[in-house]
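**Q**
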Amino acid sequence: MAWDFETDAEFQKELDWVDQFVRNEVEPLDHILGSPYDIRNPRNQKLVRPLQAEVRKHKLWACHLGPELGGPGYGQLKLALMNEIIGRSSWAPTVFGCAAPDTGNAEILALYGTAEQKARFLQPLLDGELCSTFAMTEPQAGADPKEFVCKAWQEGDEWVIDGEKWYASNARLSAFHIVMAVTNPENPPHQRLSMFVVPTDVPGINILRNVAGMNDLPDSGTHGYVRYDHVRVPLDAMLGGPGEGWRIAQTTLTSERSSIAGGMGVTPAALIAFAQRFGTGDPVVRQALMDVHIRFELLRFLRYRSQTALSQGRAPGPESSVMKLAFARYMQALTSTAISVQGAWGLLGGADVADDGMWLRRFLHSPSLRIAGGSDQVQANIMGERALGLPPEPRSDKDVPFRELARGPR
Ligand SMILES: Cc1cc2nc3c(=O)[nH]c(=O)nc-3n(C[C@H](O)[C@H](O)[C@H](O)COP(=O)(O)OP(=O)(O)OC[C@H]3O[C@@H](n4cnc5c(N)ncnc54)[C@H](O)[C@@H]3O)c2cc1C
Numbered sequence: 019m020a021w022d023f024e025t026d027a028e029f030q031k032e033l034d035w036v037d038q039f040v041r042n043e044v045e046p047l048d049h050i051l052g053s054p055y056d057i058r059n060p061r062n063q064k065l066v067r068p069l070q071a072e073v074r075k076h077k078l079w080a081c082h083l084g085p086e087l088g089g090p091g092y093g094q095l096k097l098a099l100m101n102e103i104i105g106r107s108s109w110a111p112t113v114f115g116c117a118a119p120d121t122g123n124a125e126i127l128a129l130y131g132t133a134e135q136k137a138r139f140l141q142p143l144l145d146g147e148l149c150s151t152f153a154m155t156e157p158q159a160g161a162d163p164k165e166f167v168c169k170a171w172q173e174g175d176e177w178v179i180d181g182e183k184w185y186a187s188n189a190r191l192s193a194f195h196i197v198m199a200v201t202n203p204e205n206p207p208h209q210r211l212s213m214f215v216v217p218t219d220v221p222g223i224n225i226l227r228n229v230a231g232m233n234d235l236p237d238s239g240t241h242g243y244v245r246y247d248h249v250r251v252p253l254d255a256m257l258g259g260p261g262e263g264w265r266i267a268q269t270t271l272t273s274e275r276s277s278i279a280g281g282m283g284v285t286p287a288a289l290i291a292f293a294q295r296f297g298t299g300d301p302v303v304r305q306a307l308m309d310v311h312i313r314f315e316l317l318r319f320l321r322y323r324s325q326t327a328l329s330q331g332r333a334p335g336p337e338s339s340v341m342k343l344a345f346a347r348y349m350q351a352l353t354s355t356a357i358s359v360q361g362a363w364g365l366l367g368g369a370d371v372a373d374d375g376m377w378l379r380r381f382l383h384s385p386s387l388r389i390a391g392g393s394d395q396v397q398a399n400i401m402g403e404r405a406l407g408l409p410p411e412p413r414s415d416k417d418v419p420f421r422e423l424a425r426g427p428r
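Taking the numbering used here, the leading residue of the sequence shown gets 19, the next gets one more, and so forth.
Okay, structure coming up:
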């Protein structure tokens, strides 16, 4: 039985390099460049390509992937340690080849794509030449598969996809979408859906608008409200088998959660901001710093536990749910404190966003952490099922009345 809380010395050296590199070369990009998903923009390429080359030289590119796909295959725990540093910067995931949802989409293509799809979509994605979209959530349904209506049916040697998706992040910038559509309506809800790879240049993909989240800059909405109007793709565009879409989607949550929770890595910067504002002599300030530090260390422990479970090949279970829930609440509290201790400076936004003003964006982003990647209550339900000994996934198809109450009429 091994209980080892140390990182091996060799990997620690890599982490030290990542720390310096992100601080000196990558974090400044967050203040001068726009969306990290706008990777085909020549200005972004000029600045970002040399940094990506440096990361490859250190064999730290696409660490979520195994060697057969061009990554070092470090596994979920080392990935979590790296993400704690990478999560400090919005550009770092792109510089290190591990930005969500591209990470999950790459895993899906690697496992279920044909040789031709791998050459056309996966390779350029791994090479950082393009970005992709994962289109599952629907405007009238949210992420509830029982209510999905976007459908696909076979006509001759093609699939025809018809329906709407919402919150399809980066749809305006991406080269292909992975779309979930109902193909087997006769099945139970979690087995009705199939997954398709759809290049964005086929006729019938209409972005109705780009929805802006609270933390998006004005006029720079990043979440596509997309209408697929009888979009035609070949039969082999289906990834996996008919009715397997939901199951496949769950498998990609592993590396995505790791990258999302890496956001906790902003904590040391927050502590410095607190200390700079108030100094460290005051006992009240010391207490505040200590409280943040303790919560940070506890969260780290939860993360390592959940990532260890994943690296041992276990499906995301209660460890992952505890971590996700604790992380989302922590970030909301941390960013709120970081702003308030900085007074008016902490509230700077819009054109005035300067170094410290980044906290306002992080604060505005923090409520979405309680929703994206599985909402708080969904995590709480998973934990509760295990604690109460109720049957785990797959869920029953029974309607949950309080969910309808939470949702309200549509
Ligand atoms: C920043 C961001 C980016 C996103 N990007 C993408 C993307 O690229 N592609 C994509 O397809 N989707 C994307 N989404 C959508 C995301 O996957 C969903 O919003 C998320 O899974 C939650 O689903 P929902 O919005 O339907 O909320 P719901 O799950 O309906 O949650 C609404 C409320 O109901 C509660 N609730 C939910 N289920 C239960 C239950 N069983 N019991 C009790 N209470 C419950 C929740 O806690 C919450 O309070 C994104 C969302 C955000 C915020």
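Ideal Cβ positions, reconstructed from N, Cα and C, are used throughout, including at glycine.
Say yes only if the C-beta of Asn188 is nearer than 8 Å to one or more non-hydrogen atoms of ligand 1, and no if none qualify.
**A** Taking the sequence shown and counting its residues from 1, the one referred to as residue 188 is at position 170. Yes, the beta carbon of Asn188 sits closer than 8 Å to at least one heavy atom of ligand 1.
**Q** Which residue or residues does DSSP assign as beta-bridge partners of Asp180?
**A** Here residue 180 refers to the residue found at position 162 of the sequence shown. In the DSSP output, where bridge partners are listed per residue, Asp180 has Lys169.
**Q** When you compare each of Leu144, Phe114 and Cys116 to Ala128 by their alpha carbons, which one comes out closest?
**A** Within the sequence shown, residue 128 is the residue found at index 110, counting from 1. When only C-alpha atoms are compared, the closest one is Leu144.
**Q** Within this structure, are the beta carbons of Arg318 and Glu102 separated by less than 9 Å?
**A** By 1-based counting over the sequence shown, the position of residue 318 is 300. By 1-based counting over the sequence shown, the position of residue 102 is 84. In this structure, Glu102 lies closer than 9 Å to Arg318 by Cβ.
**Q** Should Ile225 go down as buried or exposed, given a rule of 16 or more other Cβ atoms within 10 Å for buried?
**A** Start at 1 with the first residue of the sequence shown, and residue 225 comes out as number 207. Ile225 is exposed by the Cβ-count criterion.
**Q** Helix or strand or just coil, what does DSSP make of Met213?
**A** One-based indexing of the sequence shown puts residue 213 at position 195. Strand.
**Q** Check whether the Cβ atoms of Phe152 and Ile223 lie closer than 9 Å to each other.
**A** Taking the first residue of the sequence shown as 1, we reach residue 152 at position 134. Taking the first residue of the sequence shown as 1, we reach residue 223 at position 205. At least 9 Å separates the beta-carbon of Phe152 from that of Ile223.
**Q** Would you say the beta carbon of Pro163 is closer than 8 Å to some non-hydrogen atom of ligand 1?
**A** Stepping through the sequence shown from its first residue, residue 163 is reached at position 145. For ligand 1, not one heavy atom lies less than 8 Å from the Cβ of Pro163.
**Q** Measuring CA to CA, which of Val220, Ala390 and His208 is closest to Lys164?
**A** Residue mapping note: residue 164 aligns to position 146 of the sequence shown, counting from 1. Looking at Val220, Ala390 and His208, the one whose alpha-carbon comes closest to that of Lys164 is His208.
**Q** For ligand 1, is there a heavy atom less than 8 Å away from the beta-carbon of Thr151?
**A** In the sequence shown, counting from the first residue as 1, residue 151 sits at position 133. Under cutoff, so the answer is yes.
**Q** Suppose you measure from the CA of Asp56 to the CA of Glu28; what does that come to, to the nearest Å?
**A** Counting from one through the sequence shown, the residue named residue 56 turns up at place 38. Counting from one through the sequence shown, the residue named residue 28 turns up at place 10. One C-alpha to the other measures close to 34 Å.
**Q** Does Asp374 come out as helix, strand or coil in the three-state DSSP assignment?
**A** Translated into positions along the sequence shown, residue 374 becomes position 356. For Asp374, the predicted model reports a pLDDT of 49, less than 50, meaning its position is unreliable; a value from the coordinates is still stated below. For Asp374, the secondary structure class from DSSP, reduced to helix, strand or coil, is coil.
**Q** With distance defined between alpha-carbon atoms, name the residue in Ile389, Trp363 and Ala390 nearest to Leu378.
**A** Reading the sequence shown from its first residue, position 360 is the one you call residue 378. Residue Trp363 holds the alpha-carbon nearest to the alpha-carbon of Leu378 among Ile389, Trp363 and Ala390.
**Q** Between Asp394 and ligand 1, is there a pair consisting of the residue's CB and a ligand heavy atom that are separated by less than 8 Å?
**A** As a working mapping, residue 394 is identified with position 376 in the sequence shown. True, at least one ligand heavy atom lies under 8 Å from that Cβ.
**Q** Does the region 87-99 come within contact of the region 165-177, defined as at least 3 CB pairs closer than 8 Å?
**A** no
**Q** Should Asn399 be counted as a contact of ligand 1 given a C-beta to heavy atom distance under 8 Å?
**A** Indexing the sequence shown from 1 puts residue 399 at position 381. Answer for Asn399: yes, Cβ within range of ligand 1.
**Q** List the residues that DSSP assigns as beta-bridge partners of Phe152.
**A** On the sequence shown, residue 152 is found 134 positions in, with the first residue counted as 1. DSSP lists Ile196 as partners of Phe152.
**Q** For Asn399, which three-state DSSP category applies?
**A** Within the sequence shown, the letter at position 381 stands for residue 399. The answer is helix: DSSP assigns Asn399 an H, G or I state.
**Q** Where Arg250 and Gly361 are concerned, what is the direct C-alpha to C-alpha distance, given to the nearest angstrom?
**A** By 1-based counting over the sequence shown, the position of residue 250 is 232. By 1-based counting over the sequence shown, the position of residue 361 is 343. The alpha-carbon atoms of Arg250 and Gly361 are separated by roughly 54 Å.
**Q** Between which two residues does the alpha helix (DSSP H) harbouring Arg61 extend?
**A** Looking up residue 61 in the sequence shown gives position 43. For Arg61, the enclosing alpha helix (DSSP H) starts and ends at Pro60 to Lys75.
**Q** Work out the CA separation of Asn42 and Glu32 for me, nearest whole Å.
**A** Indexing the sequence shown from 1 puts residue 32 at position 14. Indexing the sequence shown from 1 puts residue 42 at position 24. Rounded to whole angstroms, Glu32 to Asn42 spans 15 Å at the Cα level.
**Q** Could you spell out where the alpha helix (DSSP H) holding Asp48 opens and where it closes?
**A** Within the sequence shown, the letter at position 30 stands for residue 48. It spans Leu47 to Ile50 - the alpha helix (DSSP H) in which Asp48 sits, taken as one unbroken run.
**Q** Leaving out the 5 sequence neighbours to the left and right, which residues in its chain are closer than 7 Å to Ile430 when beta-carbon positions are compared?
**A** In the structure displayed, the chain extends from 19 to 428; residue 430 sits before or after that span and is not available.
**Q** For a test of your reading of the model: does the CB of Pro119 fall under 8 Å from any non-hydrogen atom of ligand 1? Yes or no.
**A** Translated into positions along the sequence shown, residue 119 becomes position 101. Indeed, a heavy atom of ligand 1 lies less than 8 Å from the Cβ.
**Q** Could you check which residue in Arg74, His383, Val302 and Ala346 has the C-alpha nearest to that of Arg321?
**A** Residue numbering aside, residue 321 sits at position 303 when the sequence shown is read from its first letter. Comparing Cα positions, the closest option is Ala346.
**Q** Compare the C-alpha of Thr201 against each of Met256, Glu156 and His311 and name the closest.
**A** Sequence index remark: in the sequence shown, residue 201 carries index 183 (1-based). Per the C-alpha coordinates, the member of Met256, Glu156 and His311 positioned closest to Thr201 is Met256.
**Q** Within the present structure, is the beta-carbon of Met100 separated from the nearest heavy atom of ligand 2 by less than 8 Å?
**A** Questions concerning ligand 2 fall outside what the structure shown contains, since the ligands it does hold are ligand 1.
**Q** Going by the CB atoms, is the gap between Phe114 and Cys81 shorter than 9 Å?
**A** The count along the sequence shown starts at 1 and reaches residue 81 at position 63. The count along the sequence shown starts at 1 and reaches residue 114 at position 96. Contact flag set, yes.
**Q** Report, in whole angstroms, the separation of the C-beta atoms of Val36 and Arg106, which I expect to be a contact under 8 Å.
**A** In the sequence shown, the residue the question calls residue 36 occupies position 18. In the sequence shown, the residue the question calls residue 106 occupies position 88. Going by Cβ atoms, the distance from Val36 to Arg106 rounds to 10 Å, so no, they are not a contact pair.
**Q** Sorry if obvious, but does the Cβ on Met349 come closer than 8 Å to a heavy atom of ligand 1?
**A** Locating residue 349 in the sequence shown gives position 331, where the first residue counts as 1. Set against 8 Å, the gap from the CB of Met349 to the closest heavy atom of ligand 1 is not smaller.
**Q** Should Ile50 be listed as close to ligand 1, given that the test is whether its C-beta is under 8 Å from any heavy atom?
**A** As a first step, residue 50 must be located in the sequence shown, where it is residue number 32. No, the beta carbon of Ile50 sits no closer than 8 Å to any heavy atom of ligand 1.
**Q** For His241, which residues does DSSP report across the bridge?
**A** In the sequence shown, residue 241 corresponds to position 223, counting from 1. Paired residues: Ser187 and Val229.
**Q** In this structure, does DSSP put Leu257 in helix, strand or coil?
**A** Translated into positions along the sequence shown, residue 257 becomes position 239. Of the three classes helix, strand and coil, the one that applies to Leu257 here is strand, per DSSP.
**Q** Looking only at its own chain, which residues have a Cβ that is under 6 Å from the Cβ of Arg254, when we skip the five neighbours before and after it?
**A** As a first step, residue 254 must be located in the sequence shown, where it is residue number 236. According to the sequence displayed, residue 254 carries Asp and not Arg. The answer, listed in chain order, is Thr132.
**Q** Applying the 10 Å Cβ sphere with the 16-neighbour rule, what's the burial state of Asp26?
**A** Residue numbering aside, residue 26 sits at position 8 when the sequence shown is read from its first letter. Asp26 comes out exposed.
**Q** Only counting the same chain, and skipping five residues up and downstream in sequence, which positions put a Cβ closer than 6 Å to that of Tyr243?
**A** Against the sequence shown, residue 243 aligns to sequence position 225. Here the set comprises Trp184, Leu226, Arg227 and Val229.
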